[in-house]
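Data first, discussion second: the structure below is written as structure tokens.
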């Protein structure tokens, strides 16, 4: 009977800075309880140490999670429940995740899933990167963070953020107000990401000087974008002609990131998405990186991931019933 019982081990982790332990453990040890639930281990905090009891591989994961969270605190960053979840997802990557961190004026951003790590690595090494997948996976947010980081370090001179204003059919003239007032509703998420990375006065100054430009896709035509970090968001709502136009704007010393979710196409019926079209064309082109996120990479509220999963399940059910019919 003893042969059926999985072996367990007991390990102890000691932390030298007692002042950080309350934040490491969380209010009423909630962070430790979160790790226990996810990994199936038992954690006991005694003084400045934590004992970990469980299966060997899970104990090793728990050690990695605690070490990562403690290192985050030592660097001066807070630890909240989302950071614990991120450390749990990243426990297999060790120091690789920390090495990919993006630093901006207001944020120190580390990957929260293995695919986010792959995405951040691709943006570091590739001139053109596609980030594909559902909302909440950090596709746009991480791209804006990387753009701001490269501008701060002087690696690019400007940032250009664009979206297809598909709700207005790119025909913006009939909308009230000046150009900025016409396009802002479609570009608001990009402004929000910028304000997360830079102080408000710097965002306003760089927008006024043109160092940062936020514009609808239609305004990219006829330009060559050199020494720039260029982001096209919501790219599933481009046509093939628009997508080719955008991709061929890439100039010297520039980076492009294209983000989109092929399950959220708002184009007229029977109109092929330019994002899907270019993925078919560019799949094997050297210098192009493609990262496909799934619902497991959703890093918003846990309910968002479950919502995405439920919708995906319904779509699969529809396809299966259609095929069988």
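Numbering (the working numbering), first residue to last: 53 to 377.
For every residue, glycine included, the Cβ atom is placed at its ideal position computed from N, Cα and C.
- By the CB criterion at 8 Å, residue 69 and residue 158 fall outside the cutoff.
- Annotation: the segment 322-356 contains the following complete segments of the alpha helix (DSSP H) (minimum length 4 residues), in chain order: 326-334.
- For residue 213, the three-state secondary structure derived from DSSP is strand.
- Around the Cβ of residue 111, a 10 Å sphere holds 16 or more other Cβ atoms; the residue is buried.
- For residue 276, no beta strand (DSSP E) segment is defined, and its DSSP state is neither H nor E.
- Nearest neighbour of residue 129 by Cα position, chosen from 75, 372 and 333, turns out to be 75.
- For residue 139, the uninterrupted alpha helix (DSSP H) run begins and ends at 133-141, by DSSP.
- In this structure, the CA atom of residue 266 is about 8 Å from the CA atom of residue 259.
- Rounded to whole angstroms, the Cβ separation of residue 201 and residue 154 is 5 Å, and the two are in contact under 8 Å.
- Remark: fewer than three beta-carbon pairs, one from each stretch, lie closer than 8 Å, so the segment 329-339 and the segment 163-175 are not flagged as touching.
- For the pair residue 192 and residue 285, the CB atoms are nearer than the 8 Å cut-off.
- Burial check for residue 64: the Cβ neighbour count within 10 Å stays below 16, so the residue is exposed.
- Assigned with DSSP and collapsed to three states, residue 104 falls in strand.
- Residue 316 counts as exposed, since fewer than 16 other C-beta atoms from the protein chains shown sit within 10 angstroms of its C-beta.
- In this structure, residue 195 sits near residue 309, with a CB-CB distance shorter than 8 Å.
- Spatial neighbours of residue 91 in its own chain (CB-CB distance under 6 Å, excluding positions within 5 residues in sequence) are listed in chain order as 110, 113 and 114.
- DSSP, reduced to helix, strand and coil, places residue 65 within a strand of the structure shown.
- When the five nearest sequence neighbours on each side are left out, the beta carbons in the same chain lying within less than 8 Å of the beta carbon of residue 279 are those of 208, 209, 210, 303, 304, 305 and 306, in order along the chain.
- In the three-state reduction of the DSSP assignment, residue 283 falls in the strand class.
- The Cβ neighbour count for residue 198, taken over all protein chains shown within 10 Å, is at least 16; the residue is labelled buried.
- The residue among 216, 151 and 108 with its C-alpha nearest the C-alpha of residue 120 is 151.
- The Cβ atoms of residue 246 and residue 264 lie closer than 8 Å to each other.
- The C-alpha of residue 367 lies about 33 Å from the C-alpha of residue 339.
- Secondary structure of residue 115 (DSSP, three-state): helix.
- By the Cβ neighbour-count rule, residue 61 is exposed, with fewer than 16 other Cβ atoms within 10 Å of its own.
- A direct Cα-to-Cα measurement between residue 143 and residue 83 gives close to 15 Å.
- Contact between residue 215 and residue 269 holds, since their C-beta atoms are separated by about 7 Å, short of 8 Å.
- The beta carbons of residue 186 and residue 313 sit about 6 Å from each other, so the pair counts as a contact at 8 Å.
- In this chain, the beta strand (DSSP E) harbouring residue 97 covers 94-98.
- For residue 267, the enclosing beta strand (DSSP E) starts and ends at 264-268.
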